[in-house]
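First to last, the sequence lines map onto chains H and D. Under the numbering used here, think of the first position of the first sequence as 1459, with each following residue one higher. Under the numbering used here, think of the first position of the second sequence as 10, with each following residue one higher.
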Amino acid sequence: MSTQGITHTGGARTAVRLRPPRNRVAGRAIALWTLRALLLWGPAAGVAAAMAAASGITGLVPWATGPLWALTAAVGALGLLVVLAMPQWRYRVHRWEVTGEAVYTSFGWLWQEWRVAPMARIQTVDTERGPLQRALGLSTLTVTTASAAGPLRVDGLEADLASDLAQQLTEVTQAVPGDGT
Amino acid sequence: MDGNAETGTPQGERSRAGGREPLEAVAAPGVPVQGWRLLSPLTVWADAVVVGLVIPGPALIAAVILAVAGAPAVWPLLILLGAAVLAAAVIGADVLRYRRTRYRVTDARFEAVSGVVARSHKSLPRERIRSVDVAVPLWARAFGLCRVEVGTGESTGAGGALSLSLIPSAEGERLRRVLLERGAAGGAGADGAAELARMAPRWFGYGALAWTPAAVGYGGLAAVLGSFTELILRVALPWFLGRTESAPVMTIVLWAAGVVLTLVVVATAVALAVHVESWWDFLLTRESDGTLRVRRGLFTRTSVSIEERRMRGVELVERLPLRWLGVASAAAVASGLAQAQEGQGAKGGVVPKRALTPEMPRARARRAAEQAIRAQDGIAFEDLRPHPRAALRRRIVRALAVAAVFAAVVAATVWALGALTPLEVPGEAPTVAAVGTGVAVLVLGVPYAVGSYRGLGHGIDGRFLLLRTGMAARSTVALKRDSVIGWTVRRSPFQRWAGLATLGATVAAGGGIHRAPDVDLGEGLAFADEAVPELLAPFLASGR
């Protein structure tokens, strides 16, 4: 078996690709990601601006004021770009699908990732809601397997849908025997 | 130590074997309780030996120094008295610990009650126990004792591991057998263990170049030199400079070479000693109870048991520079080892628990790995499919980028030295420095990039899925195909641009994922689909 058992799949080079999972997350997820990005980039730009202003007013380190304003502009521009582009982009990528056999998700924006876990290997299913998500009526569904890496996470689901899904997945996985390893 | 002591519970108690009595029922110190066992009474003596070695020594030295230095006699006496009180307190605490620790094995659970002030009652369900590791520290060996660590391999939640320190060696062996026997592979019977690999004396030499021992050797040397920096700078260096001021250049070079050689020899000796200590009398066996067992160690005898049904695969690791000598080591990919590995560091071991063999000739390591995973016909570790040329391009580009960054930093530093300090820096110096740095980085970086591209590979052989990556430490992992419990596909913007993807197979073991970086997207998906049929198939589409 050591030699003849090897199988190369050379012929399939361009033929196969991953199709996107069937379902999108809730449209309000765009608002969620926008708010999160604002919460990260707003203070970052604010701190840079405050440092620049402090430097300008006190005049302690005269040569630092210019670069600090430049830094503020750079952080602000980058943040604005992220806040405007990232949520839309993410919304186009983030998808999920639950079939009879497996859970399938895709997420990310610049770095994108697809994950598949078979139903029989699912160990825990939980939903979680942060303050922002509660305000928007959204929820995150997390599905873990026995592997220490790669839990499947669907961010920005409708809260009701997420709890229904969690319920459904829990029932299905309880019906499967074995410890999922 | 047999009969119903095997399970620790008389037949009549079975009905409540899984239940917990109130703590008080088992908390009366030093009194035998039905079914419960104590640590070995010799524990206190063994620990007292350690205490006796550690505490009085420094105290005695300090007292002698003080006495010689002419301090009033009361000070040395006070120090000795303090040391005696401290030693007595530590030993007394150990007596309490001994009297208040007890454990038992019931039909369903392994339980231990411990703690002097805060009592804890830990209870592990027996079917969740993944590992029973027996270690014999040097001071315990004289007393015939051992330390036993029972782990469930749970990565989350409290109570994942339970350790008993110290119990008689025979009792440790009994616990190992009793707690793991439930996983027994029926047919093996009691005909004993099959030997899969054994140490050969000449392999100890590899310790000089193996990573961990060498790191201990050179790291220790650096630490020692670091703590004597003052002495070296104030005394040794001026003495050396004074001696060599008028000496010919050749003498200075010889002296420097001699110093470097001495340091290398010392570090190598330490590395060899560490390696010998770790792997002395190494023996890898398959036990009749369905476990793989690694035994090794000179001063501290260690026994690690890995349940065979927890084996997800094996890994062949080849580290530079030993790879150039055709040397490799094998490790297990098994669930329940990740957590045990974390606890390992505290006990001073340099060998991870998943190690199946020391550094040894590649063919031997490979055979050990194949036998450990029961691949009678061998595994095609070499016959792997290379990754697309675009993967090589990415690695070369990375080397170029690193070279450019280094060159820019060096050039900027040289320029700043000229512009901001009184140093005389010629006009062309930044350019020369940049070019020199860039070339130097590329000379190392391009071969590294090519090597790490050559290291990439993936393949399928029978019931195994093979993934190979790494340049400095090349790892070829053979996973059982039916142990892959999911796939991940990750693509950076650059990978999307180049048509590549990083494919990850998730398994219930170790880090949880094994990756094949930079496969061609279509080819990688087809590979994943073939390796684990039906998992990925519903989500694949053909055509671009």
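Backbone N, C-alpha and C define an ideal beta-carbon position, used for all residues, glycine too.
Check your understanding: Hey, is residue 1633 of chain H's beta-carbon within less than 8 Å of any beta-carbon in chain D?
Key -> For the purposes of this step, residue 1633 of chain H is taken as the residue at position 175 of the first sequence. By this cut-off, residue 1633 of chain H is not an interface position.
Review point. Can at least three beta-carbon pairs, one atom from the stretch 286-293 of chain D and one from the stretch 361-369 of chain D, be found at a separation below 8 Å?
Key: Contact between the stretch 286-293 of chain D and the stretch 361-369 of chain D is present: three or more C-beta pairs spanning the two stretches fall below 8 Å.
Check your understanding: Smallest Cα separation from residue 1544 of chain H: which of H/1597, H/1490, H/1530 and H/1621?
Key -> Indexing the first sequence from 1 puts residue 1544 of chain H at position 86. Comparing Cα-Cα distances from residue 1544 of chain H to each of H/1597, H/1490, H/1530 and H/1621, the minimum goes to H/1490.
Point to revise | Reduced DSSP secondary structure (H/G/I, E/B, other) of residue 284 of chain D | key: Mapped onto the second sequence, residue 284 of chain D falls at position 275. The answer is helix: DSSP assigns residue 284 of chain D an H, G or I state.
Point to revise | Residue burial classification, residue 551 of chain D (beta-carbon count within 10 angstroms, cutoff 16) | key: As a first step, residue 551 of chain D must be located in the second sequence, where it is residue number 542. It counts as exposed.
Review point. If you draw a straight line from the C-alpha of residue 51 of chain D to the C-alpha of residue 152 of chain D, how long is it?
Key: For the purposes of this step, residue 51 of chain D is taken as residue 42 along the second sequence, with counting starting at 1. For the purposes of this step, residue 152 of chain D is taken as residue 143 along the second sequence, with counting starting at 1. The C-alpha of residue 152 of chain D is placed about 7 Å away from the C-alpha of residue 51 of chain D.
Exercise for review: For residue 123 of chain D, go through chain H and note every residue whose CB falls closer than 8 Å to its CB, in chain order.
Suggested key: Residue 123 of chain D sits at position 114 when you count from the first residue of the second sequence. Within 8 Å Cβ-Cβ: nothing; residue 123 of chain D doesn't reach chain H, min ~28 Å.
Exercise for review: Determine the burial state of residue 510 of chain D: buried for a count of at least 16 other Cβ atoms within 10 Å of its Cβ, exposed for fewer.
Suggested key: For the purposes of this step, residue 510 of chain D is identified with residue 501 of the second sequence, where counting begins at 1. Residue environment: residue 510 of chain D is assigned as buried (16 or more neighbouring CB atoms within 10 Å of its CB, all protein chains considered).
Exercise for review: Can you have a look at residue 81 of chain D and say buried or exposed, based on whether 16 or more other CB atoms are within 10 angstroms of its CB?
Suggested key: One-based indexing of the second sequence puts residue 81 of chain D at position 72. Classification for residue 81 of chain D: exposed.
Check your understanding: Hey, is the stretch 1532-1546 of chain H in contact with the stretch 1498-1514 of chain H, meaning 3+ C-beta pairs nearer than 8 Å?
Key -> The way I'd put it, the stretch 1532-1546 of chain H does touch the stretch 1498-1514 of chain H; three or more beta-carbon pairs between them come closer than 8 Å.
Exercise for review: Could you tell me which chain B residues have their CB closer than 7 Å to the CB of residue 544 of chain D, listed as they occur along the chain?
Suggested key: Given the protein chain composition of this structure (H and D), no chain B is represented.
Check your understanding: Going by other Cβ atoms of all chains shown within 10 Å of its Cβ, with 16 needed for buried, is residue 543 of chain D buried or exposed?
Key -> Residue numbering aside, residue 543 of chain D sits at position 534 when the second sequence is read from its first letter. Answer is exposed; the Cβ neighbour count stays below 16.
Check your understanding: Considering only C-alpha positions, which residue in the set D/530, D/547, D/147 and D/536 is nearest to residue 1475 of chain H?
Key -> Taking the first sequence and counting its residues from 1, one reaches residue 1475 of chain H at position 17. The candidate whose alpha carbon is nearest that of residue 1475 of chain H is D/530.
Exercise for review: Output, in chain order, the set of chain D residues within a Cβ distance shorter than 9 Å of residue 1536 of chain H.
Suggested key: On the first sequence, position 78 is the one that residue 1536 of chain H refers to. Contact of residue 1536 of chain H with chain D by beta-carbon distance below 9 Å is absent, the smallest such distance being about 16 Å.
Check your understanding: Just how far apart, CA to CA, sit residue 220 of chain D and residue 231 of chain D?
Key -> If you number the second sequence from 1, residue 220 of chain D lands on position 211. If you number the second sequence from 1, residue 231 of chain D lands on position 222. The C-alpha of residue 220 of chain D lies about 16 Å from the C-alpha of residue 231 of chain D.
Practice item. Decide if residue 1505 of chain H is buried, meaning its Cβ has at least 16 other Cβ atoms within 10 Å, or exposed. Key: Position 47 of the first sequence, counted from the start, is the residue given in the question as residue 1505 of chain H. By the beta-carbon neighbour count (other beta carbons within 10 angstroms, threshold 16), residue 1505 of chain H is exposed.
Exercise for review: Using 10 angstroms around the beta-carbon of residue 343 of chain D, count the other beta-carbons present and answer buried if the total reaches 16, otherwise exposed.
Suggested key: For the purposes of this step, residue 343 of chain D is taken as residue 334 along the second sequence, with counting starting at 1. Buried, by the Cβ-count rule.
Review point. Hey, residue 321 of chain D and residue 489 of chain D are a contact pair by Cβ (cut 8 Å); roughly how many whole angstroms apart?
Key: Taking the first residue of the second sequence as 1, we reach residue 321 of chain D at position 312. Taking the first residue of the second sequence as 1, we reach residue 489 of chain D at position 480. 6 Å between Cβ atoms; contact.
Point to revise | Assigned secondary structure, residue 1586 of chain H (DSSP; H/G/I helix, E/B strand, else coil) | key: Working through the first sequence from its first residue, we reach residue 1586 of chain H at position 128. DSSP places residue 1586 of chain H in strand when its eight states are reduced to three.
Check your understanding: Closest by CA to residue 388 of chain D, which one among D/456, D/473, D/438 and D/458?
Key -> In the second sequence, residue 388 of chain D corresponds to position 379, counting from 1. When each option's Cα is compared against that of residue 388 of chain D, the closest is D/473.
Point to revise | Same chain, Cβ closer than 6 Å to residue 204 of chain D, five either side skipped, listed in chain order | key: As a first step, residue 204 of chain D is located in the second sequence; it is residue number 195 there, counting from the start. Excluding positions up to five away in sequence, the list reads 294.
Review point. In chain order, what residues of the same chain have a beta carbon less than 6 Å from the beta carbon of residue 429 of chain D, not counting five sequence neighbours either side?
Key: Translated into the one-based positions of the second sequence, residue 429 of chain D becomes position 420. Cβ neighbours of residue 429 of chain D beyond the five flanking positions: none.
Review point. Taking buried to mean at least 16 other C-beta atoms within 10 Å of its own C-beta, is residue 443 of chain D buried or exposed?
Key: By one-based count along the second sequence, residue 443 of chain D stands at place 434. Counting the other CB atoms within 10 Å of its CB gives residue 443 of chain D a total of 16 or more, which places it among the buried residues.
Check your understanding: Quick one: is residue 238 of chain D near chain H, going by C-beta distance under 8 Å?
Key -> In the second sequence, the residue the question calls residue 238 of chain D occupies position 229. Not one chain H Cβ lies under 8 Å of residue 238 of chain D.
Point to revise | Contacting residues, own chain, Cβ-Cβ under 7 Å from residue 538 of chain D (five flanking each side not counted) | key: For this step, residue 538 of chain D is matched to residue 529 along the second sequence. 545, 546 and 549.
Review point. Which parts of the stretch 247-326 of chain D are runs of the beta strand (DSSP E), unbroken and 3 residues or longer, counting only runs that do not cross its ends?
Key: DSSP assignment within the stretch 247-326 of chain D yields the following whole beta strand (DSSP E) runs of 3 residues or more, N-terminal first: 292-295, 300-305 and 310-316.
Check your understanding: Of the residues H/1484, H/1609, H/1530 and H/1584, which one's Cα is nearest the Cα of residue 1629 of chain H?
Key -> If you number the first sequence from 1, residue 1629 of chain H lands on position 171. Considering only alpha carbons, the answer is H/1584.
Review point. Closest Cβ-Cβ distance between residue 1569 of chain H and chain D: below 8 Å?
Key: Residue 1569 of chain H sits at position 111 when you count from the first residue of the first sequence. For residue 1569 of chain H, a Cβ of chain D is located within less than 8 Å of the residue's own Cβ.
Exercise for review: Pair every Cβ in the stretch 107-122 of chain D with every Cβ in the stretch 257-277 of chain D, then say whether three or more of these pairs are closer than 8 Å.
Suggested key: Counting C-beta pairs with one atom in each stretch, the stretch 107-122 of chain D and the stretch 257-277 of chain D have fewer than three that are closer than 8 Å, which means they do not touch.
Practice item. Could you have a look at residue 386 of chain D and say whether DSSP puts it in helix, strand or coil? Key: Here residue 386 of chain D is taken as the residue at index 377 of the second sequence, counted from 1. For residue 386 of chain D, the three-state secondary structure derived from DSSP is coil.
Practice item. Go ahead and pull the three-state DSSP assignment for residue 1554 of chain H. Key: Position 96 of the first sequence, counted from the start, is the residue given in the question as residue 1554 of chain H. Of the three classes helix, strand and coil, the one that applies to residue 1554 of chain H here is strand, per DSSP.
Practice item. Spell out a yes or no on whether the stretch 239-252 of chain D and the stretch 314-328 of chain D are touching, meaning 3 or more CB-CB pairs, one atom from each, closer than 8 Å. Key: The count of Cβ pairs closer than 8 Å, one atom from the stretch 239-252 of chain D and one from the stretch 314-328 of chain D, stays below three, leaving the stretches out of contact.
Review point. What do you reckon, are the CB atoms on residue 171 of chain D and residue 133 of chain D nearer than 8 Å?
Key: Here residue 171 of chain D is taken as the residue at index 162 of the second sequence, counted from 1. Here residue 133 of chain D is taken as the residue at index 124 of the second sequence, counted from 1. The answer is yes: Cβ separation under 8 Å.
Check your understanding: Just by C-beta distance, which residues in the stretch 1599-1622 of chain H are closer than 7 Å to chain D?
Key -> Listed in chain order, the positions of the stretch 1599-1622 of chain H with a beta carbon within less than 7 Å of a beta carbon of chain D are 1603, 1604, 1605, 1606, 1607 and 1608.
Exercise for review: Tell me the start and end of each unbroken beta strand (DSSP E) in the stretch 1592-1620 of chain H that is at least 3 residues and wholly inside, in chain order.
Suggested key: List check, beta strand (DSSP E) in window: 1596-1603 and 1610-1616.
Point to revise | 6 Å Cβ shell around residue 497 of chain D - same chain, five flanking residues per side excluded | key: As a working note, residue 497 of chain D is residue 488 in the second sequence. Around residue 497 of chain D: 513.
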